[in-house]
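Position one of the sequence shown corresponds to residue 1 (UniProt numbering), numbered consecutively onward.
Heads up, the beta-carbon is just placed ideally off N, CA and C, and yes, glycines get one too.
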Amino acid sequence: MATVDVTDKNFREVTEREGIVILDFWATWCGACKAFAPVYEAASESHLDILFGKVDTEAAQQLSESLAIRALPTIAVYRDSIRVFFQAGALPRPALDDLITQVRALDMAQVRAEIESHAHVH
């Protein structure tokens, strides 16, 4: 599956779906983003069950601000509408594949329980 353009308008629809969603926050002026693009695209073609999205931070400024994007590229991973990974910096292909393996292995019932336990701590 090719990557999907994610914008201020469709971000919630994209990230609130079941399964795994990986977002690449980038900009046209970002050299590291350009270097990472083929790695990201290749991963999207290898993992057809995952939705890979690209967020142009220049076009989606409101979204980028609300998520506090400070460096590019930034990778965000959502699983079953829960953000489980968020990190600035391009990943080499082996690291991206390892991240995908780890996200697939997550026990989402345990993740939800952990979130729930933190929600009640004040």
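DSSP three-state call for residue i: helix, strand or coil?
{"i": "Arg17", "result": "coil"}
{"i": "Asp98", "result": "helix"}
{"i": "Ala109", "result": "helix"}
{"i": "Ile82", "result": "strand"}
{"i": "Ala27", "result": "coil"}
{"i": "Val4", "result": "strand"}
{"i": "Ile22", "result": "strand"}
{"i": "Ala32", "result": "helix"}
Please determine, among the options, the residue with the shortest C-alpha to C-alpha distance to residue i.
{"i": "Pro38", "options": "Arg12, Glu65 and Asp24", "result": "Asp24"}
{"i": "Thr15", "options": "Cys30, Arg112, Ser81 and Thr101", "result": "Ser81"}
{"i": "Ala32", "options": "Ile22, Ile115 and Leu72", "result": "Leu72"}
{"i": "Thr57", "options": "Phe85, His47, Ala68 and Phe86", "result": "Ala68"}
Around the C-beta of residue i, are 16 or more other C-beta atoms found within 10 angstroms, so that it is buried, or is it exposed?
{"i": "Lys9", "result": "exposed"}
{"i": "Thr74", "result": "buried"}
{"i": "Arg83", "result": "exposed"}
{"i": "Arg79", "result": "buried"}
{"i": "Trp26", "result": "buried"}
{"i": "Ser46", "result": "exposed"}
{"i": "Gly19", "result": "exposed"}
The beta strand (DSSP E) that contains residue i, what's its start and end?
{"i": "residue 129", "result": "As displayed, the chain neither begins before 1 nor continues past 122, which places residue 129 out of reach and without an answer."}
In the DSSP assignment, find the unbroken alpha helix (DSSP H) run with residue i in it and report its ends.
{"i": "Leu63", "result": "Gln61 to Ser66"}
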